[in-house]
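Colleague: Dropping the structure in here first, questions after.
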Ligand code: SF4
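Residue numbers (this note's numbering), protein chains in the order written: chain S, 2 to 475; chain H, 942 to 1188.
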């Protein structure tokens, strides 16, 4: 994945937490959307059944993935589209670049797509002399700032409006007195710039929220209408989707389109839902390409526990409720997929070999808020815990202090006598550290605790000693 | 009713008063309690740190110990340990493809209950005759709240405690930042979460913060103590165990 920051989560989060403006922006934004989501979800008495239905549809689709993908290919071809298979980022970028080149385009317009961020498409296009222009407002902001998205749905969640104003002044050569930081004024600047691009650029690139095997229909769900412009105005449309986005039938959208907007933007229905099937003479793009991207996904599918991560419909509800994301923000995850879903998806897609990938499953207090809101019921805490096991397996071979400590503790816990001896040893061992029944300073990796928190000291009598004394042996 | 007590290694070693209060309370409510001495740890810390082989051994050991008991229920004053047993014991066995062990784990899981849900849902009691004349706020630990779905069981019990003034806690559903080794591995993020939690607790003007899990209370209490706030943390069992005569 091109936007991968090799810094471990712990280090990156530490830096992010030192930025008070970032914490304020994030806290404000996530709290607002959290409350709104609760309200719109409460309107549906059958929300839990909808979640069950969503989970069932995805489970079924993943079980039948090879068959569904072939069916999708056939349906798209029948409708006049072309289907390309890309096993990794390099292949996908080559496919897209060569289509763009065949039309002699120097610019392409893009509707927000995390999948294209995953493969680093913009950079790849630039290398072949093509400029990709982001048309989603927030995505444009991030692009102009030479920054990276920090949220799946609100890529510029880490920026406030005065920061955005500064950026626009610089990027579009506007005089300070001509632009306020009113959201409407800012949007107007972007609109004027983008309108001209929509009308002149011949090739558009999109992602896909869903693709229907039965009919070959592809769907993009968005808020601004800029996506609709990309999908309808240019002559050529290229859509790139991860293979896990396929759904068996059109009617599956009934469930998904109820789950997605409520979970993502906390709306009953998002403003723009585009559905298109192949090409139509004299209406919309006259050439349609669908790129099916694997890039590690079949490997994830092979893992019985981890494969649930492929059910994700990228709503970002798990980010908004995550207390860890709220504090440290999206960049700390060092990947295009931030937050709880990123913590389980990134390490599976890229493999667990790097220190960065290994740190991600540990970037959670396992509070379970993500699982509670996930519209397709991905048990994120379960996968986190499971992946931690995979990380430890990966690390075997070289000595580490934590591993040695936990292994010897397990050995102690395997025998009640050893355990009691350890209790006594702890009582004696703490003497140099304990003052007034508390421990305020420890060495080594335990300083992580005692820098901001006291620990209770070990009392004279354990519970089992009390029981022995008062209740006799059990 | 005959029950087995799983006191947990943390309570046994660091918070014996919670175990003692649990025994006092449940005996007062008419339970006959056994305490299998062979019990040690449920393996939660090992699981959450990624040591699955060791976890599996501890799961097997737990099952060996508690299967010998003839009690109707296993009761524990710790939401996260009960969540470990109910939710993760079967999963750990499944991940290891040990179906025989998984079947055994499911049996034990089905009869293991957290203290407050045991009192409210099984004993069908909401007033346990307790007396605790303090301003108290309740921290609903994540495992109790989300994995076990304790709902309002703890609140029902607290509302019936005489002398107790229950102070509502803002953002009560958000995590305190403990998360086991998370607090040590990601100390900055964990401390940021703890600070917000402490601010909400101090805003309630309570002098006591209670909860059903001493691991979270150790974390919150450790922060409150470091800041010299004067607010203390007390396990729910200790509040419910106090009666007028013994207060
Ligand atoms: S994991 Fe679930 S909650 Fe998170 S983005 Fe994906 S679908 Fe949404």
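Beta carbons are placed, not taken as given, at the ideal position from N, Cα and C, and that holds for glycine.
#1: I believe residue 51 of chain S touches residue 260 of chain S by the beta-carbon criterion, under 8 Å. Please report the beta-carbon distance rounded to the nearest angstrom.
#2: Measure the alpha-carbon distance for residue 290 of chain S versus residue 217 of chain S and round it to whole angstroms.
#3: First and last residue of the beta strand (DSSP E) that includes residue 379 of chain S?
#4: Evaluate contact between the region 77 to 85 of chain S and the region 105 to 116 of chain S, counting only Cβ atoms and requiring at least three cross-stretch pairs below 8 Å.
#5: For residue 465 of chain S, decide whether its Cβ has a neighbour in chain H, counting only Cβ atoms nearer than 8 Å.
#6: Using the C-alpha atoms, what's the distance from residue 54 of chain S back to residue 129 of chain S?
#7: Taking any Cβ of chain C, which residues in the region 1129 to 1142 of chain H have a Cβ under 8 Å from it, in chain order?
#8: With 7 Å as the limit, tell me which residues of the region 1146 to 1159 of chain H have their beta carbon closer than that to any beta carbon of chain S; keep them in chain order.
#9: Between residue 967 of chain H and chain S, is the shortest Cβ-Cβ distance under 8 Å, so that the two count as touching?
#10: Which runs of the alpha helix (DSSP H), 4 residues or longer, sit entirely within the region 292 to 357 of chain S?
#11: Taking its Cβ as the centre, do 16 or more other Cβ atoms sit within 10 Å of residue 1030 of chain H, making it buried, or is it exposed?
#12: List the DSSP bridge partners of residue 1166 of chain H.
#13: For chain H, find out if any of its Cβ atoms is closer than 8 Å to the Cβ of residue 353 of chain S; answer yes or no.
#14: Tell me where the alpha helix (DSSP H) around residue 1044 of chain H begins and ends.
#15: Does residue 1179 of chain H come out as helix, strand or coil in the three-state DSSP assignment?
#16: Considering only residues of the same chain and omitting the five flanking positions on each side of residue 302 of chain S, which have a CB-CB separation below 7 Å?
#17: What does residue 392 of chain S touch in chain H if you count any residue whose Cβ is under 9 Å from its own?
#18: Tell me where the alpha helix (DSSP H) around residue 103 of chain S begins and ends.
#19: Would you identify the three-state DSSP class for residue 205 of chain S, choosing helix, strand or coil?
#20: Between the C-alpha atoms of residue 334 of chain S and residue 346 of chain S, what's the straight-line distance to the nearest angstrom?
#21: Indicate, with yes or no, if the ligand SF4 has a heavy atom lying under 7 Å from the CB of residue 339 of chain S.
#22: In whole angstroms, what is the alpha-carbon distance linking residue 222 of chain S and residue 273 of chain S?
#23: Any C-beta of chain H within less than 9 Å: which residues of the region 352 to 373 of chain S qualify?
#24: Do you know offhand how far residue 1035 of chain H's Cα is from residue 147 of chain S's?
#25: In its own chain, which residues sit with a C-beta less than 7 Å from the C-beta of residue 276 of chain S, not counting the 5 before and 5 after it?
#26: Is residue 967 of chain H helix, strand or coil when you go by DSSP?
#27: So does residue 57 of chain S have its beta carbon nearer than 7 Å to some heavy atom of the ligand SF4?
#28: Would a check of beta-carbon distances place residue 452 of chain S closer than 8 Å to chain H?
#29: Indicate the three-state DSSP secondary structure (helix, strand or coil) for residue 976 of chain H in the structure shown.
Modeller: Well, looking at it:
#1: Indeed they touch by this definition, with Cβ atoms about 6 Å apart.
#2: Roughly 12 Å separates the two Cα atoms.
#3: Where residue 379 of chain S is concerned, there is no enclosing beta strand (DSSP E), given that its DSSP letter is neither H nor E.
#4: At 8 Å Cβ cutoff, the stretches do not touch.
#5: So, interface residue.
#6: Looking at the two C-alpha atoms, the distance is approximately 44 Å.
#7: Within the model displayed, chain C is absent; protein chains S and H are what it includes.
#8: Close to chain S, meaning a Cβ-Cβ distance shorter than 7 Å, are the following residues of the region 1146 to 1159 of chain H: 1159.
#9: Residue-level contact check: residue 967 of chain H does not touch chain S, since none of the beta carbons of chain S fall below 8 Å from its beta carbon.
#10: Runs of the alpha helix (DSSP H) inside the region 292 to 357 of chain S: 298 to 302, 318 to 322, 324 to 329 and 340 to 351.
#11: Buried, by the Cβ-count rule.
#12: As far as DSSP is concerned, residue 1166 of chain H takes part in no beta bridge.
#13: No, its Cβ sits nowhere closer than 8 Å to a Cβ of chain H.
#14: 1040 to 1051 is the extent of the alpha helix (DSSP H) around residue 1044 of chain H.
#15: Helix, per DSSP.
#16: 63, 66, 308 and 311.
#17: Near residue 392 of chain S (Cβ distances below 9 Å), the residues of chain H are 991.
#18: Counting along the chain, residue 103 of chain S sits inside the alpha helix (DSSP H) bounded by residues 90 to 103.
#19: In the structure shown, residue 205 of chain S sits in a strand (DSSP, three-state: E or B).
#20: The straight-line gap from Cα to Cα measures roughly 11 Å.
#21: For residue 339 of chain S, the shortest C-beta to heavy atom distance toward the ligand SF4 is 7 Å or greater.
#22: Each residue's alpha carbon lies about 6 Å from the other.
#23: Cβ contacts with chain H: 360, 362, 363, 364, 365, 366, 367, 368, 369, 370, 372 and 373.
#24: Spanning the two alpha carbons is a distance of roughly 46 Å.
#25: The residues are 218 and 220.
#26: In the structure shown, residue 967 of chain H sits in a helix (DSSP, three-state: H, G or I).
#27: Exclusion of residue 57 of chain S from the 7 Å shell around the ligand SF4 follows from its C-beta lying no nearer than that to any non-hydrogen atom of the ligand.
#28: Interface residue, yes.
#29: Note: residue 976 of chain H maps to coil in three-state DSSP.
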